[in-house]
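Its first residue numbered 117, the sequence shown is counted upward by one per residue in the numbering used here.
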Amino acid sequence: MQATAQGFKLIKKIKDDRFDEEKLHQYSLLVQFGVRDLQVAIVDSEDSRLLFFEDYVLGDSSSHSELITQYQQLFDSHPVLHAGFWNEVRISVKNTKFAQVPASLFIPEAAAEYLRFNAQLDPEKEDILMCRNHRSDAVTVFAIQKELNDWLKGIYKNTRLNLVHQSAALIEGVLEYAKAGQHPLYIYVDRFKLHILAVSGDKLLYYNQFLIKQFSDYVKYIMLVMKGLGMDQNTSEVILWGYIGKNSPHYQEFVKYVRNVGFGGRPTYLKFGYLFDEVQEHHFFDLFSVYLLEP
């Protein structure tokens with residue numbers, strides 16, 4: 117689907133009948149920023165009920181400044197995103213500049229060094245931030261464009277603002293979802309990336325994300341990780357979330373190689389009204405998991 121000349125296109129919007137713009141002070145605003153998409157969720161903090169949801173696709177951008185201009189255009193046209201009196205605001209960014217560090221080994225002054233193991237940094241244009249993964253007892257260190265960070269802090273200067281990384285949300289979400297005694301491979305299919313996780317009990321065993329250019333990349337990376345973890349493609353359980361459905365050609369092709377595949381469900385820590393039945397239960401797991409990340 118193409119974005120408009122304005123730079124973005126609304127794909128899906130759901131608003132619960134209970135949503136009230138006069139009660140923003142008791143709501144949590146969740147926004148996830150991607151290079152080609154953006155999602156919004158509003159949760160009533162008093163009963164953890166999802167009241168509002170939007171999914172946008174963004175147009176192509178040749179620079180970070182162009183991308184941020186699209187974000188700004190979207191915000192400027194939105195009825196509530198510029199409001200400054202939320203109970204709290206949680207912003208998630210999707211990029212490849214991140215590192216997971218065990219909390220027992222984490223030294224705040226070394227944050228930039230952790231990131232430099234797997235990412236190139238531009239100190240003049242990027243800020244280094246951190247968020248705590250309480251369930252995995254780790255710290256996610258990540259980079260964000262200074263221009264984006266300053267813009268968001270300007271909008272939400274009068275409310276609690278917590279910036280996090282998509283990887284941290286997925287890890288917390290999977291650890292919350294995982295059941296004792298079961299060791300599936302957890303997969304989140306993003307619009308342009310593949311995220312693979314494995315846990316044992318309350319411990320994270322593996323997390324990585326892979327850029328997907330063609331369908332064969334899905335199978336290649338999944339088989340590679342399964343082999344590395346000693347899992348069997350015919351018997352090991354695989355749980356899927358994300359932008360894939362049972363009737364999609366990708367899923368039909370996928371199960372030819374990996375047999376024991378099922379779809380993950382919605383998080384139990386959020387309440388969903390009947391209007392959200394039109395959203396498949398395995399969609400937007402990363403966005404919803406942002407709600408788990410405490411400051």
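Each residue gets a CB set at the ideal place from its N, CA and C atoms; glycine is no exception.
In chain order, Tyr-230, Ala-254, Val-255, Val-257 place their CB closer than 7 Å to the CB of Val-217, counting only its own chain and leaving out the 5 sequence neighbours on each side. Here Pro-224 carries a helix assignment [DSSP, helix/strand/coil].
Annotated three-state conformation of Arg-375 is coil, per DSSP. 8 Å or more divides the Cβ of Arg-382 from the Cβ of Asn-350. The stretch 300-312 makes contact with the stretch 322-330, as at least three CB pairs between them are under 8 Å.
Three or more beta-carbon pairs drawn from the stretch 272-280 and the stretch 236-252 are found closer than 8 Å, and the two stretches are therefore classed as touching. The beta-carbon separation of Phe-149 and Lys-210, rounded to 7 Å, stays under the 8 Å limit for a contact. When secondary structure is reduced to three states using DSSP, Leu-146 falls in the strand class. Around the beta-carbon of Ser-220, fewer than 16 other beta-carbon atoms lie within 10 Å, marking it exposed. Here Ser-144 is buried: its Cβ has 16 or more other Cβ atoms, across all protein chains shown, within 10 Å. Per DSSP, the beta-bridge partners of Trp-357 are Tyr-304. Residue nearest to Gln-330 within the set Phe-201, Glu-292, Lys-319, Glu-369 is Glu-369 (criterion: CA-CA distance). Taking one beta carbon from each stretch, the stretch 296-308 and the stretch 383-397 have fewer than 3 pairs nearer than 8 Å; the two do not touch. Excluding sequence positions up to five before and after Ile-260, its CB lies within less than 7 Å of the CB of Val-209, Glu-242, Asp-243, Leu-245, Leu-279, all in the same chain and listed in chain order. The beta carbon of Phe-214 is closer than 7 Å to those of Thr-256, Val-257, Phe-258, His-281, Ser-283 in its chain, skipping five residues each way along the sequence. Counting the other CB atoms within 10 Å of its CB gives Gly-358 a total of 16 or more, which places it among the buried residues.
Here Asp-132 is near Phe-168, since their CB atoms are less than 8 Å apart. Between Phe-191 and Leu-183, the C-beta spacing is not below 8 Å. Around the C-beta of Val-371, fewer than 16 other C-beta atoms lie within 10 Å, and the residue is accordingly described as exposed. By the CB criterion at 8 Å, Arg-165 and Val-159 fall inside the cutoff. Using a Cβ distance threshold of 8 Å, Tyr-367 and Val-335 do not count as a contacting pair. DSSP, reduced to helix, strand and coil, places Gln-188 within a helical segment of the structure shown. Going by DSSP, Gln-282 is part of the alpha helix (DSSP H) stretching over 282-293. Contact between Val-305 and Ile-360 holds: CB atoms are separated by about 5 Å, below the 8 Å threshold.
With respect to Glu-170, Leu-140 sits apart: the two C-beta atoms are not nearer than 8 Å. Residue burial is scored here from C-beta neighbours: Arg-276 has fewer than 16 other C-beta atoms within 10 angstroms and is therefore classed as exposed. Runs of alpha helix (DSSP H) with 4 or more residues, each lying fully within the stretch 159-221, are found at 180-192, listed in chain order.
Leu-408 sits close to Glu-292, with the two beta carbons spaced by under 8 Å. Ranked by how close their Cα comes to the Cα of Phe-201, the residues Glu-138, Phe-400, Ser-179 have Glu-138 in first place.
A straight line joining the alpha-carbon of Gly-317 with that of Val-173 spans about 36 Å.
By the CB criterion at 8 Å, Ser-352 and Met-339 fall outside the cutoff.
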